[in-house]
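My numbering puts the first residue of the sequence shown at 5, with every later residue one more than the last.
We treat Cβ as the ideally placed atom computed from N, Cα and C, and that holds for glycine.
Values in this document were obtained by computation on a predicted structure and should not be read as measured data.
All remarks here apply to the structure that follows.
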Amino acid sequence: MKDNNVCAESPQNANQTSSGNKSLLRFLLPSLIGLFLFMTPMSYEGQMTIPVAILAKSLLALLDGYLLNIITVIITFMALASTLAVLLKPAFITERAFLKELFIPTPLWLIVRIVSCAFTIATIFQVGPEYIWNANTGGLVLNDLLPTLFAVFIFAGLLLPLLLNFGLLELCGALCTKIMRPIFNLPGRSAVDCIASWLGDGSVGILLTDKQYQEKFYTQREAAVIGTTFSAVSITFSLVVIAQVNLEQYFLPYYLAITLSGIVAAIIVPKLPPLCWKKDIYIDGTPKKHDLESIPTGHTVFSWGIDQAVDRASKVTSYRTVFIEGLKNATHMVFGILPVVMAIGTVGLLIAEYTSVFAVLGKPFMYYLDFMNVPEAALASESLVVGFADMFVPSILATSMESDMTRFIIAGVSVSQLIYMSEVGALLLGSKIPVNIVDLFIIFVLRTIITLPIITGVAHLIF
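As C-alpha cells, this is what we get:
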C-alpha cells in the first residue's frame with residue numbers, strides 16, 4: 005500500500021514540478037531578453053550604448069530620407085483627427101477606451117496638437133516666420149530630436165513588456181527595496197527606471213515610469229519623484245556634452261561629479277515642494293498599500309523576489325496579448341507624444357533664442373556663481389537657466405567661454421538639471437505622471453541650486 009501511494013502521488017508531484025519549471029522559464033527567458041535589450045552596455049560605432057538604441061539607430065538608417073515626411077504626416081494626422089474626433093465624437097472612437105484616450109484629448113492638449121502641426125508644416129516646408137523653423141528652434145526639434153525619439157518609441161514601446169510583464173521588476177523590487185526605500189523613500193523597482201535611463205536614454209526611464217504608474221505600481225508621489233529625479237542622462241550623451249566643451253580628458257571626474265550631485269539632489273529635492281506635496285495615492289485615487297514590500301517569514305529577500313517574479317510571469321496567458329500591449333504602447337508614444345514634444349520643445353527654444361526671459365531669470369545665479377568664485381559668472385548664469393529649454397544649448401553657449409573651469413561647471417550642471425522642455429519636460433507633460441509645467445520649472449531651479457555647488461567644488465579641485 006505504501007508503495008502504491010507513493011506511485012499514485014508521483015504524477016501529481018511531477019505535474020507540479022513541470023508547472024513550476026514552466027513558470028520559472030516564463031520569468032527567466034523574457035526577463036533576460038529584456039535585460040539584454042535595455043540594460044546591457046556594448047560598443048557600437050565607437051560609442052557605448054544598449055541594444056535598443058542600436059535597433060533605433062538601424063531604423064533611422066533604414067528610413068533615412070523618409071523619416072521627416074513620416075513624422076510630418078503623423079503630427080498633421082493627429083491634429084486633424086483629434087479635432088474631428090472632439091467635434092464629432094464618433095462611436096467607433098468613444099466606445100473604445102484606447103482610441104478615445106488617443107484621439108479625444110482635453111482642450112489644452114488639442115491646442116498643443118494643432119500648434120505642433122503648424123510648427124511642423126512651417127519647418128518642413130520652411131514657410132512662415134523664419135524664427136519658427138530655423139536650425140536653432142523648430143528645425144532643431146524636428147530634424148534632430150524627433151527622428152531619434154520616433155525610433156526609440158517604436159522599439160521601447162514594443163519591447164517594454166519584457167521588463168514589465170514577466171517578473172523582472174518584482175525581483176528587482178525585492179532586491180533593491182533596502183536601498184531605495186530608506187535612502188530615497190521609493191520602491192525598489194524604481195532602480196530599474198534609473199538604470200534604463202543611465203545606460204540607454206532618459207526617455208526610456210520616463211516611459212517605463214509612466215507605464216508602471218498607470219498600472220498602480222507607483223503612487224502619484226512616487227511617479228512624480230521617479231520621473232523628475234531618476235530619468236538620468238545616459239553615459240553616452242554625457243560624453244557628447246563634455247566633448248562639446250572640449251574637456252574630454254576630464255570625463256572621469258566630470259561623470260563622478262554629476263553622479264554625486266545627482267544622488268544628493270535625489271535625496272533632497274523630493275523632500276521639498278512641489279514633490280513633497282504630491283499624494284501617496286494611486287492613479288485612481290485609492291490609498292497606498294503599505295505591505296507590498298514586506299518579506300514574509302521563512303523567505304529571504306532573494307527567494308521572495310523569485311516567488312513574486314514567477315507569480316507575475318504565470319499571469320501571462322498569451323504572448324499575443326503581450327504583443328498587442330506593446331503595439332499599443334508604441335502607438336501611444338509615437339502618435340500621442342511626438343506632437344507634444346514638437347510644440348513644447350519649439351516654444352521653449354523660441355523663448356531661449358529670441359527673448360531675454362532666461363537672461364533675467366539667470367541674474368540671481370550670477371551672484372551665486374560670483375560667491376563661489378566662478379569666472380565669467382554673467383555669461384554662465386544665463387547658460388545655466390537656458391538649460392530648461394534644451395539640455396544641449398548650455399554646452400553650445402559654453403564653447404565661447406575662455407575658462408576651462410566655467411565650461412566644466414556648465415557642462416556638469418546642464419546634465420544634472422534633467423528637466424528640459426525640448427524632450428524630458430515635454431515627455432513628462434505628455435504622460436500621465438502628475439506634474440505640470442510650473443512643477444517642472446521649480447524642480448529645475450531646485451536641482452540647479454543643489455547640484456551647482458557640488459559640481460563647482462569638484463571643478464575647484466581640478467582647475
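DSSP state of Ile-285 mapped onto helix, strand, coil: To locate residue 285, count along the sequence shown from 1; it is residue 281. Looking at Ile-285 - three-state DSSP - the assignment turns out to be strand.
Cα-Cα separation, Glu-134 to Leu-431: Numbered from 1 along the sequence shown, position 130 holds the residue referred to as residue 134. Numbered from 1 along the sequence shown, position 427 holds the residue referred to as residue 431. Going from the Cα of Glu-134 to the Cα of Leu-431 covers about 26 Å.
Whether Asp-214 touches Ile-437 by CB criterion (7 Å): As a working note, residue 214 is residue 210 in the sequence shown. As a working note, residue 437 is residue 433 in the sequence shown. For Asp-214 and Ile-437, yes; Cβs fall inside 7 Å.
C-alpha gap between Leu-59 and Phe-42, whole angstroms: As a first step, residue 59 is located in the sequence shown; it is residue number 55 there, counting from the start. As a first step, residue 42 is located in the sequence shown; it is residue number 38 there, counting from the start. Taking the straight line joining both Cα atoms gives about 11 Å.
Cross-strand partners of Tyr-323 (DSSP beta bridge): Looking up residue 323 in the sequence shown gives position 319. Looking at the DSSP assignment, Tyr-323 forms no beta bridge with any residue, so it has no partner.
CA-to-CA distance, Cys-121 to Ile-414, given in whole angstroms: To locate residue 414, count along the sequence shown from 1; it is residue 410. To locate residue 121, count along the sequence shown from 1; it is residue 117. Going from the Cα of Ile-414 to the Cα of Cys-121 covers about 34 Å.
Beta-carbon proximity check, Thr-403 vs Thr-141, cutoff 7 Å: Here residue 403 is taken as the residue at index 399 of the sequence shown, counted from 1. Here residue 141 is taken as the residue at index 137 of the sequence shown, counted from 1. Taking 7 Å as the Cβ cut-off, Thr-403 and Thr-141 do not qualify as a contacting pair.
Whether Cys-176 touches Ala-195 by CB criterion (7 Å): Here residue 176 refers to the residue found at position 172 of the sequence shown. Here residue 195 refers to the residue found at position 191 of the sequence shown. Cβ distance < 7 Å, so Cys-176 and Ala-195 count as in contact.
Pro-274 classed as buried or exposed, judged by whether at least 16 other C-beta atoms fall within 10 angstroms: What you label residue 274 is simply residue 270 of the sequence shown in a count that begins at 1. By the 10 Å Cβ count, Pro-274 comes out buried.
Cα-Cα separation, Tyr-323 to Lys-182: Within the sequence shown, numbered from 1, the residue matching residue 323 stands at position 319. Within the sequence shown, numbered from 1, the residue matching residue 182 stands at position 178. Going by C-alpha positions, Tyr-323 is about 33 Å away from Lys-182.
Separation of Leu-163 from Leu-33, as counted between CA atoms: Within the sequence shown, residue 33 is the residue found at index 29, counting from 1. Within the sequence shown, residue 163 is the residue found at index 159, counting from 1. Straight-line measurement puts the Cα of Leu-163 at about 14 Å from the Cα of Leu-33.
Ile-454 burial status per 10 Å Cβ neighbour count (16 or more: buried): The sequence position of residue 454 within the sequence shown is 450, counting from 1. Counting every other CB atom within 10 Å of its CB across the protein chains shown gives Ile-454 a total of 16 or more, marking it as buried.
DSSP bridge partner residues for Pro-457 (one or two, in chain order): For the purposes of this step, residue 457 is identified with residue 453 of the sequence shown, where counting begins at 1. Per the DSSP secondary-structure output, Pro-457 pairs with nothing in a beta bridge.
CA-to-CA distance, Ser-399 to Met-405, given in whole angstroms: Here the question's residue 405 lines up with position 401 in the sequence shown. Here the question's residue 399 lines up with position 395 in the sequence shown. When rounded, the distance between both Cα atoms is 10 Å.
Same chain only: Cβ atoms within 8 Å of Lys-283, ignoring 5 sequence neighbours per side: As a working note, residue 283 is residue 279 in the sequence shown. Result list for Lys-283: Thr-223, Gln-224 and Arg-225, in chain order.
Distance, Ile-267 Cα to Asn-169 Cα: As a working mapping, residue 169 is identified with position 165 in the sequence shown. As a working mapping, residue 267 is identified with position 263 in the sequence shown. Between Asn-169 and Ile-267, the alpha-carbon positions lie close to 29 Å from each other.
Nearest-angstrom beta carbon gap, Ser-207 and Glu-427 [assumed within contact, 8 Å]: Looking up residue 427 in the sequence shown gives position 423. Looking up residue 207 in the sequence shown gives position 203. Their Cβ separation, rounded to whole angstroms, is 7 Å, which keeps Glu-427 and Ser-207 in contact under 8 Å.
Boundaries (first-last residue) of the beta strand (DSSP E) holding Ser-435: What you label residue 435 is simply residue 431 of the sequence shown in a count that begins at 1. Element bounds for Ser-435: n/a, residue is neither H nor E.
Tyr-70 in three-state terms, based on DSSP: For the purposes of this step, residue 70 is taken as residue 66 along the sequence shown, with counting starting at 1. Of the three classes helix, strand and coil, the one that applies to Tyr-70 here is coil, per DSSP.
contact_flag[the segment 340–348, the segment 358–365] where n(CB pairs < 8 Å) is 3 or more: Result no; under three Cβ-Cβ pairs closer than 8 Å.
Minimum length 4: unbroken alpha helix (DSSP H) runs contained in the segment 59–124: Within the segment 59–124, the complete alpha helix (DSSP H) runs of at least 4 residues are 71–92, 95–98 and 101–107.
Separation of Gln-130 from Ser-138, as counted between CA atoms: As a working mapping, residue 138 is identified with position 134 in the sequence shown. As a working mapping, residue 130 is identified with position 126 in the sequence shown. One detail in the question is off: residue 138 reads as Asn in this sequence, not Ser. The straight-line gap separating the alpha-carbon atoms of Asn-138 and Gln-130 is approximately 8 Å.
CB contact flag (Ala-347, Ala-393, <7 Å): Here the question's residue 347 lines up with position 343 in the sequence shown. Here the question's residue 393 lines up with position 389 in the sequence shown. For Ala-347 and Ala-393, no; Cβs fall outside 7 Å.
Limits of the unbroken beta strand (DSSP E) element including Tyr-48: Counting from one through the sequence shown, the residue named residue 48 turns up at place 44. Where Tyr-48 is concerned, the enclosing beta strand (DSSP E) starts and stops at 46–48.
Neighbourhood of Phe-369 by C-beta distance below 6 Å, restricted to the same chain and skipping five residues each side: The residue you call residue 369 lines up with position 365 of the sequence shown. Answer for Phe-369: Ser-385 and Leu-388, listed in chain order.
Reduced DSSP secondary structure (H/G/I, E/B, other) of Pro-151: As a first step, residue 151 is located in the sequence shown; it is residue number 147 there, counting from the start. Reduced to three states, the DSSP call for Pro-151 is helix.
Nearest candidate by alpha-carbon position, reference Leu-365, set Leu-383, Arg-117 and Ala-160: Position 361 of the sequence shown, counted from the start, is the residue given in the question as residue 365. Minimum Cα-Cα distance from Leu-365 among the listed residues Leu-383, Arg-117 and Ala-160 corresponds to Leu-383.
Buried/exposed call for Thr-410, threshold 16 Cβ in 10 Å: Here residue 410 is taken as the residue at index 406 of the sequence shown, counted from 1. By the C-beta density criterion, Thr-410 is buried, having at least 16 other C-beta atoms within 10 angstroms.
Which listed residue (Leu-433, Ala-95 and Phe-396) has its alpha carbon closest to that of Gly-416: Taking the first residue of the sequence shown as 1, we reach residue 416 at position 412. Looking at the Cα atoms, Phe-396 is the closest of the given residues.
Reference Gln-216; option with closest CA among Ile-75, Phe-234 and Asp-197: Here residue 216 refers to the residue found at position 212 when the sequence shown is read from its first residue. Just measuring C-alpha positions, the residue of Ile-75, Phe-234 and Asp-197 sitting nearest Gln-216 is Asp-197.
Residue burial classification, Pro-191 (beta-carbon count within 10 angstroms, cutoff 16): The sequence position of residue 191 within the sequence shown is 187, counting from 1. Buried.
Reduced DSSP category for Pro-257 - H, G, I as helix; E, B as strand; rest coil: Taking the sequence shown and counting its residues from 1, one reaches residue 257 at position 253. DSSP places Pro-257 in helix when its eight states are reduced to three.
Coarse secondary structure for Cys-11, derived from DSSP in three states: As a position in the sequence shown, residue 11 is number 7, starting the count at 1. For Cys-11, the predicted model reports a pLDDT of 49, less than 50, meaning its position is unreliable; a value from the coordinates is still stated below. DSSP places Cys-11 in the helix class (H, G or I) of the three-state scheme.
DSSP three-state assignment for Pro-291, whether helix, strand or coil: The sequence position of residue 291 within the sequence shown is 287, counting from 1. Residue state for Pro-291 is assigned as strand, using DSSP reduced to three classes.
Distance between beta carbons of Ser-298 and Gly-171, contact taken as under 8 Å: The residue labelled residue 171 in the question sits at position 167 within the sequence shown. The residue labelled residue 298 in the question sits at position 294 within the sequence shown. So it is not a contact: roughly 18 Å between Cβ atoms.
For Phe-81, the nearest candidate out of Lys-293, Val-305, Val-462 and Thr-124 (CA to CA): Translated into the one-based positions of the sequence shown, residue 81 becomes position 77. The shortest C-alpha separation from Phe-81 is found at Thr-124.
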